[in-house]
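Start counting the sequence shown at 12; every next residue gets the next number (the numbering used here).
As structure tokens, the structure follows; a few thoughts come after it.
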Amino acid sequence: MMTKKYSRRELVSQLSGGLGAVGLAGMFSQDGSAAVSKAAPAPMKFPNFTPKAKANIVLFMVGGPSQMDMFDPKPALLKYQGQRPASVDLRTERVTGGLLPSPFEFKQYGRGGVHVSSLLPNLASVIDDICVIKSMYTYNPTHTPARSLFHTGNIAATRPSWGSWISYGLGSENKDLPGFVILSPGGGGGGFGRSGFLPARHQGTFFDDSMVEPDKMIRFLQNKDLNKEKQRDQLDLIQALNQGHQQAFGQDEYLEGRIQSMETAYSMQFAATDAFDIRKESEAMRESYGDTPFAHGCLMARRLVERGVRTVHVYYGPGQPWDDHSKINKNLTERCPDMDKASAQLIRDLKQRGLLDSTIVTWGGEFGRTPVSESGDGRDHNPYGFTMWMAGGGVKGGMAYGETDEFGFKSVEKAVSIHDLHATMLNQMGVDHKLLTYRYAGRDFRLTDVYGEVVRDIIS
């Protein structure tokens with residue numbers, strides 16, 4: 012009689028099949044490379060100094076929102092409507108027409124007189140908590156590389172996402188929930204939650220915020236075949252095998268990350284049903300955010316940072332809804348009320364709960380839009396000058412920072428790169444971006460690569 016000898020990898024795979032209903036098989040399948048993050052001890056050197064923030068939320072407008080229709084008014088667009096003045100090079104990656112003015116009215120709000128358009132009355136009402144950065148720029152006019160740069164600091168989409176870097180540097184405050192969560196309709200995020208060369212336990216976990224029932228949002232959350240005690244027995248066996256393997260052969264990072272993912276998936280059966288269930292909020296609170304996937308995501312983001320999750324990315328999707336190559340005025344009129352209501356309520360809610368001071372909220376897309384028209388009534392991609400905003404976590408509110416040229420095409424004053432944004436965010440979380448490194452393939456990598464300066468003027 013022959014007895015089959017199993018490697019530890021085979022045993023883990025077979026046992027994880029039994030735990031698949033807990034979350035492994037289901038969560039891994041939500042995104043081809045998505046693993047569940049696991050709280051782990053942070054490197055001892057971080058934070059480098061006393062942090063202002065302990066969590067961050069990103070509201071990502073997929074496709075690239077139009078700055079001159081929301082935050083950056085340009086009277087010259089009306090003055091030179093339909094023209095292409097020789098004083099500025101307005102060429103883009105596509106054939107475009109003349110200057111296209113915004114039809115939306117701008118007013119100044121708050122103690123700093125920050126310009127906000129009529130599209131965003133709710134954000135205007137909380138502008139004293141917001142710093143509008145009008146001089147952002149990036150390096151690529153194409154969606155995927157520009158989006159990768161925003162999320163990873165590099166146009167190569169294989170690099171670790173900033174949520175993974177934060178998890179690696181600071182760990183998680185809740186061992187029962189992922190340290191890095193991405194909320195998006197359909198549960199996808201374009202692969203920008205990966206941990207890259209960082210240990211697998213720091214990878215982001217994707218959830219479908221178009222659902223409100225946790226058992227639908229988190230597929231296979233509950234194991235119908237094994238009770239809690241039997242699942243615990245399986246995990247204990249896997250950990251024992253792991254320790255024996257490490258003693259004999261050294262650490263296997265892949266399997267270690269997967270086992271830690273199982274541990275978090277096990278814990279999430281009990282913690283996630285509470286954290287992700289927005290139905291536990293009052294009807295008035297749910298109505299204050301709205302009843303759309305983005306609104307659900309914003310409310311879930313508050314619930315998650317309240318429970319110790321470090322990083323939450325909320326995608327406005329699906330697809331690329333802010334990619335307005337045509338019919339931009341119509342599209343913005345239909346889209347902005349949803350985004351405006353939920354984004355502003357997130358700030359109010361965090362502030363009322365005493366969480367805004369310790370949570371950075373960042374809003375923006377991979378780039379902005381052009382001042383010239385495309386297809387008659389749309390705008391092309393514009394990486395040269397666009398708007399993002401930040402709130403909370405020691406960021407100064409009630410101010411606008413930087414300027415674009417008279418047409419809103421290029422950043423000309425106090426320009427802020429994506430690496431500067433990353434450096435500033437890390438600084439507020441108590442991390443020197445130049446010291447947060449990971450050695451891989453013979454060199455030290457970091458989120459900000461070899462770039463990035465903290466924008467001191469916008470922080471306290």
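Here a beta-carbon is modelled for each residue, glycine too, at the ideal position from N, C-alpha and C.
Membership of Lys239 in any beta strand (DSSP E) is not indicated; the residue belongs instead to the alpha helix (DSSP H) covering Lys239 to Phe260. If you look at Phe161, you'll find it in the alpha helix (DSSP H) that goes His154 to Thr163. Assigned with DSSP and collapsed to three states, Trp176 falls in helix.
The alpha carbon of Val137 has as its nearest neighbour, out of Ser428, Thr459, Glu424 and Gly403, the alpha carbon of Gly403. Residue range Ile339 to Gln363 is occupied by the alpha helix (DSSP H) that includes Ile358.
Rounded to whole angstroms, the separation of the alpha carbons of Ser471 and Ala167 is 33 Å.
Three or more beta-carbon pairs separated by less than 8 Å link the region 295 to 313 to the region 211 to 230, which places the two stretches in contact. Secondary structure at Ile138: helix, using DSSP grouped into helix, strand and coil. In summary, Phe82 is buried, with 16 or more beta-carbon neighbours lying within 10 Å of its beta-carbon over all protein chains present. Note on geometry: alpha-carbon atoms of Asp244 and Leu367 lie some 41 Å from one another. At a Cβ-Cβ threshold of 7 Å, Ala426 and Ser146 count as neighbours. Straight across, the Cα-Cα distance linking Ile429 with Phe397 is about 11 Å. Secondary structure of Ser384 (DSSP, three-state): strand. For Asn67 against Ile469, the beta-carbon gap comes to about 15 Å, at or over 8 Å, which does not count as contact.
DSSP, reduced to helix, strand and coil, places Ile229 outside both helices and strands of the structure shown, so it counts as coil. Judged by DSSP in its simplified three-state form, Ile289 adopts helix. Counting C-beta pairs with one atom in each stretch, the region 431 to 444 and the region 102 to 114 have fewer than three that are closer than 8 Å, which means they do not touch. In the same chain as Arg95, and ignoring 5 residues on each side of it, the C-beta atoms closer than 6 Å to its own belong to Leu101 and Gly109, in chain order.
Ranking Lys227, Lys239, Pro156 and Tyr179 by CA distance to the CA of Phe203 puts Pro156 first. A residue is called buried once 16 or more other Cβ atoms fall within 10 Å of its Cβ, and Phe57 is buried on that count. In this model, Val192 and Ala97 are separated by some 47 Å (Cα to Cα).
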